[in-house]
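S.K.: Mind looking over this structure? Questions follow.
2 protein chains.
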Amino acid sequence: MPIYTAPVKDQIFVLDDVLKLSADDVPGYDELDRDTLQAILDEAAKLAENVLAPLNPVGDAEGCTLENGVVRTPTGFKDAFDQLREGGWTALDCDPDYGGQGLPYVVATAVGEMFSAANMAFNMYPGLTHGAYNAIHAHGSDDQKQTYLPKMVTCEWGGTMNLTEPHCGTDLGLIRTKAEPQDDGSYAITGQKIWISAGEHDMCDNIIHLVLAKLPDAPEGVKGISLFIVPKFLVNEDGSLGARNAVSCGGLESKMGIHGNATCVMNYDGATGFLVGEKHKGMRAMFTMMNEARLGVGLQGFAQGAVAYQNALGFAQDRLQGRDVTGTKNPDGPADPIIVHPDVRRNLMDQKAFVEGARAFTYWGAALIDRAHRNQDAKAEGLISLMTPVIKGFLTDKGFETTVLAQQTLGGSGFTREWGLEQFVRDARITMIYEGTNGVQSLDLVGRKLGADGGKHVMRFFDMVKGFIAEHKGRDEAFDAQFLEPLKQASKDLQAAGMYFMQNGMKNPNNALSGSYDFMHLFGHVCLGLMWSRMALAAQARLDAGDGDTAFYETKIATGRYYMARQLPMTGTHLKRIESGAEPVMALEAAQF
Amino acid sequence: MPIYTAPVKDQIFVLDDVLKLSADDVPGYDELDRDTLQAILDEAAKLAENVLAPLNPVGDAEGCTLENGVVRTPTGFKDAFDQLREGGWTALDCDPDYGGQGLPYVVATAVGEMFSAANMAFNMYPGLTHGAYNAIHAHGSDDQKQTYLPKMVTCEWGGTMNLTEPHCGTDLGLIRTKAEPQDDGSYAITGQKIWISAGEHDMCDNIIHLVLAKLPDAPEGVKGISLFIVPKFLVNEDGSLGARNAVSCGGLESKMGIHGNATCVMNYDGATGFLVGEKHKGMRAMFTMMNEARLGVGLQGFAQGAVAYQNALGFAQDRLQGRDVTGTKNPDGPADPIIVHPDVRRNLMDQKAFVEGARAFTYWGAALIDRAHRNQDAKAEGLISLMTPVIKGFLTDKGFETTVLAQQTLGGSGFTREWGLEQFVRDARITMIYEGTNGVQSLDLVGRKLGADGGKHVMRFFDMVKGFIAEHKGRDEAFDAQFLEPLKQASKDLQAAGMYFMQNGMKNPNNALSGSYDFMHLFGHVCLGLMWSRMALAAQARLDAGDGDTAFYETKIATGRYYMARQLPMTGTHLKRIESGAEPVMALEAAQF
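Chains as they are written, first to last, in full-length UniProt numbering: chain H, 1 to 593; chain P, 1 to 593.
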């Protein structure tokens, strides 16, 4: 069975040494000194390691079952959820006005990494609830907030997001679910939604569905979509549960992974719904918290990579096969551990360098969200909006790749269920698809975010990288050569790609759109290059100060060096692909395929 | 449910237009004119499309079961196997002396592509039998050949390869299975073998196990391994089945994919075995047909990509979401088919360009094997030995990637079992692992094949590419720019990588071994670049001659152009990684991870 050890030390290194949270001016950050962080993360680690991780293979093997409209979650899930609730983990970054703990989102992100790595399918139940909480918190009336949020903060009630219908996912303008106004001010919701994660289950007293639907007078397309609260049980004025609403689970999806999470077909048969926010403004309301939701998926992606890497590493340290060609390392054994072999090492370094870089990138993104929300910092908001599709698309692609690499480390054992690596691969796979496929992320990046506000956010990003290089250049020859030079080159490639889009996208938008996916990856590499440069600096500062665990900080620098030398050169290939333009991509007529 | 349409036209294009088989001097090739090929492949296509493909999801869902030592294969597998036998498909390239049809291996390869694409788990049963047939054919005594081969040619009897033990897979020198000489000249085989594909099942009257074991007087390591035939039922002198041998299936592996194939723990409890070839020379005997076996796995890898691509394409043509930004393509519908979107197109083109390039590469390799075996052509043997790890490693990595891309084309539907794409991903995954992991392939390539015979095979490969470029340069400006220039650049990168190994591998072998995986991929891209150049030439020749399907040949050229423009630039990144050497890869002590 796979193991999971929460990477608390690595997390604190990012939060405290690299991002220097407690020195920041964001409300709530001043309390995040090293000891407080340590205490919170240590407690979360216990739950992740001892409760959630052991249930991960159980959830995979058992899956969820639907019988007479009732969905049963796997053995142990309900108990684990109770422990999550009792520990207050569902309320971490929620509004204290509704019973939340008011901690920063970045702390919830670090905890979320652990819970997702330990048991992604499980953590989706509170995760989806949190998403629904966010939407109601941002757009609900005071009355709606009072009615639903306290119970959603504690996760006594769950929450879901209902967007997709059988004939439309990405193109939500096509949805058919109807909302008919009733005399009492409510709406009768009728239609079918599919792929609703946590749509029905046995772990919460009530489930609050957020549903996109169209009013009878709705304009065509996405401008005619409204958002509704549709509770599984209607809520009485005193807060007690009332009548069962006309919403039911019509089936469970059989799928590649995340078996422990119930992916439901939801049927709304004139169910009572309540409008959230304004009529026809449902898309905006649903997507207000999109940066956070998509960052959360990026987090899932690299978290699966992180746990897979841990297990690959353990195997590589233990498994004896062959001898080190430069000299036997384990003379008393029948063979050397496979970690001595350069190609196994390459594989492990690819995993390690990605996972740790991705962690820094994600936490940085989460800190930007805190800054945007708590300080109303428009620059931070612009920057995180720009980078959200990169975090989601790049980190889930690479996170999945990392699970595949980790599986490969185990050879044949990686293909067996027994070792659990193959589950990480199957679970990670969905992160590239949901919350907007990675192709859609790349369109969002190139078609929308790049040019937003006259392109000033991406300019600011380039200035930031340039400023970073200028600030640190010339102090340390090795750092210049191993970090700043490759970062500069990669950043130049990214700028050249942006320039190509500007010059050629005007003539033909397909010149930009054909390169959008490569651009997203190019951007991701530059961000991870920046993160590794920052981590190397922070580690060097610790080493210079002579405090802490020398080997730990030296390892950070060596791992960063690996990323810069072996991963960052990908930016050159991405640029070449982008600069080949639309012609090779679009040369065929659809019928010629 | 996924569909499969055998790509007969594409196959004949490769065999007849590109490789020009019937013009070749290999015995048996003169009969392979276009009509004969067409007739054979059309018949195979019917079986693949109508019998094997529909059983693919059945095999996945049901898997195999073990009860009281009996392994039951999924519903319909036995009937399908009977049809395979009755059609003579198991005997295609077998020796006529033992009932085979004596057709070239390259034809069996084309048929194998169909069967593997249609149902990989199923096709492993005859596939493994064929491998065992090959080993006995090459190394068995006349008596053994007479006893076993005729029944293995018809697949009335199955065959298996028993190498791996719980504590050793790659490092076979560590095996513990014992072979004790008996008075009658046979051996008593005792030990446990794991991951034995088709080790036990209900589709054949007998199963002939080929087992690696050690004699009591065996030298240490791989030089002390002998090969034995261990039949499930002993065979009487008259050819009838005798006593049940002391070999049994102790368990079935639960695994990520290929559920329809029984992956067995095999227990040998003093089972009667018969030495094949010389004592202590078992490794050599087992690996004689390694080129063919590994090419077969490369074939499986791209075949899964091929069927996945077909289904992705169908979805992209049908699914309506969003509008073409350059102008509506389907004004009467609610949206355009997603194939209009450049990023969907990029995804499909990546799949298509890989699959068709891989097909040409594999068939070319198979033709080299025919040439090596039938003409005793040492140059062909040297070339295919060099390229076998590339075919196996590169095509399975990219084949798996292609299934993942295809799954992505379907968005959320790709993650559901219903659409079947996720099965292709899970099935393809094993091809990167078995028959030597892809890491091991890269070591074989760089550590053994590159320097074999003083490096003359790789020199000959470079000369061949150079000669090809020189021969065709200057006739057509577009072809020069779109094919020959990128091929030349990629080939230069490959040579530079080889040069780096020569200059730095002497100082420290880890400088070569740290880049072995990148080298394998670099090599693969050059080979596919060469194949696409050859295909473009062949297609242009057809267009110039004004015969055949113009759109088909134009599509070939456009697809090739895509590969050259968008995939070949990867060679630059691989070279940079290689040239970064061992230092970043090996910087950490094993304990520092």
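Glycine included, C-beta positions come from ideal geometry on N, C-alpha and C.
#1: According to DSSP, simplified to helix, strand and coil, what is H:Gln192?
#2: List the residues of chain P whose Cβ lies closer than 7 Å to the Cβ of H:Asn510, in chain order.
#3: Just to confirm before moving on: does the CB-CB distance between P:Pro2 and P:Asn508 stay below 8 Å?
#4: What first and last residue would you give for the alpha helix (DSSP H) that runs through H:Leu66?
#5: Could you give the distance in angstroms between the alpha-carbon of P:Lys151 and the alpha-carbon of P:Thr90?
#6: Which residues of chain H have a Cβ atom closer than 8 Å to the Cβ of P:Thr75, listed in chain order?
#7: Measure the Cβ-Cβ separation of P:Phe479 and P:Thr431 and say whether it is below 8 Å.
#8: Say whether chain H places a C-beta atom closer than 8 Å to the C-beta of P:Leu163.
#9: Near P:Leu21, what residues of its chain come up, given a Cβ to Cβ distance below 6 Å and the 5 sequence neighbours on each side ignored?
#10: Would you say H:Lys78 faces chain P, with C-beta separation under 8 Å as the test?
#11: My output table needs one value for H:Cys249: the three-state DSSP class, helix, strand or coil.
#12: Pull the bridge partners of H:Thr272 from the DSSP assignment, please.
#13: Can you round the beta-carbon distance between H:His525 and H:Ala490 to whole angstroms, since I take them to be within the 8 Å contact cut?
#14: Hey, H:Trp157 and H:Ile229 are a contact pair by Cβ (cut 8 Å); roughly how many whole angstroms apart?
#15: Please classify H:Gln584 as buried or exposed, where buried requires at least 16 other C-beta atoms within 10 Å of its C-beta.
#16: DSSP three-state call for P:Ser226: helix, strand or coil?
#17: Need the endpoints of the alpha helix (DSSP H) that P:Leu13 sits in, please.
#18: Taking the alpha carbon of P:Pro54 as the reference point, which residue from P:Leu84, P:Asp42, P:Leu522 and P:Tyr4 has its own alpha carbon closest?
#19: Which chain H residues sit within Cβ distance under 7 Å of P:Cys168?
#20: Spatial neighbours of H:Leu450 within its chain, please: CB distance less than 6 Å, with the 5 preceding and 5 following residues excluded, ordered by chain position.
#21: For the pair the region 224 to 241 of chain H and the region 92 to 99 of chain H, tell me if three or more CB-CB distances fall below 8 Å.
#22: Whose CA, out of H:Ile557, H:Gly239, H:Gln503 and H:Leu386, lies closest to the CA of H:Gly455?
#23: Select from P:Val26, P:Phe519, P:Ala246 and P:Asp93 the residue whose C-alpha is nearest the C-alpha of P:Ala271.
#24: H:Met290 lies in the beta strand (DSSP E); which residues open and close that run?
#25: Evaluate P:Gly333 with the Cβ neighbour count: other Cβ atoms within 10 Å of its Cβ, from every protein chain shown; 16 or more gives buried, anything less gives exposed.
#26: The alpha helix (DSSP H) that contains P:Trp364, what's its start and end?
#27: Could you tell me whether the region 391 to 399 of chain H touches the region 467 to 486 of chain H, using the rule of 3 or more Cβ pairs below 8 Å?
#28: Here's the rule I'm using: 16 or more other beta-carbon atoms within 10 Å means buried, otherwise exposed. How should P:Pro166 be labelled?
#29: Using a 10 Å radius around the Cβ and a threshold of 16 neighbouring Cβ atoms, would you call H:Asn68 buried or exposed?
#30: Just checking my contact of P:Trp419 with P:Phe483 at CB under 8 Å: how many whole Å lie between their CB atoms?
#31: Of the residues P:Val425, P:Gly414 and P:Val344, which one's Cα is nearest the Cα of residue 594 of chain H?
#32: Give the interface partners of P:Glu62 over in chain H, defined as CB-CB distance under 9 Å, in chain order.
#33: Mind the definition here: the region 347 to 360 of chain P touches the region 289 to 307 of chain P only if three or more C-beta pairs lie below 8 Å; say whether that holds.
#34: Are any of the Cβ atoms in chain H nearer than 8 Å to that of P:Trp195?
#35: So, does the CB of H:Asp171 fall closer than 8 Å to a CB anywhere in chain P?
#36: Report the neighbours of P:Leu313 on chain H: residues whose CB is nearer than 7 Å to its CB, in chain order.
M.R.: If we stick to the structure as given:
#1: strand
#2: Thr326 and Pro342
#3: no
#4: That residue, H:Leu66, is in no alpha helix (DSSP H); its beta strand (DSSP E) goes Thr65 to Glu67.
#5: 11 Å
#6: Within chain H, no residue comes near P:Thr75; the closest Cβ sits about 18 Å away, beyond 8 Å.
#7: no
#8: no
#9: Leu15, Tyr29 and Leu32
#10: no
#11: strand
#12: H:Ala188
#13: 6 Å
#14: Not confirmed; about 11 Å, so no contact.
#15: At residue 584 of chain H the sequence reads Pro, which differs from the Gln that was named. Looking at its Cβ environment, which holds 16 or more other Cβ atoms inside 10 Å, H:Pro584 is buried.
#16: strand
#17: Checking the sequence shown, residue 13 of chain P turns out to be Phe, not Leu. Where P:Phe13 is concerned, there is no enclosing alpha helix (DSSP H), given that its DSSP letter is neither H nor E.
#18: P:Tyr4
#19: Gln321
#20: Val458
#21: no
#22: H:Leu386
#23: P:Ala246
#24: From DSSP, H:Met290 is part of no beta strand (DSSP E) but of the alpha helix (DSSP H) over Met290 to Asp318.
#25: exposed
#26: Pro342 to Arg374
#27: no
#28: exposed
#29: exposed
#30: About 36 Å separates the two Cβ atoms, so there is no contact after all.
#31: Look at the range of chain H in this structure, 1 to 593, and you will see that residue 594 of chain H is not part of it.
#32: Within chain H, no residue comes near P:Glu62; the closest Cβ sits about 14 Å away, beyond 9 Å.
#33: yes
#34: yes
#35: yes
#36: Phe593
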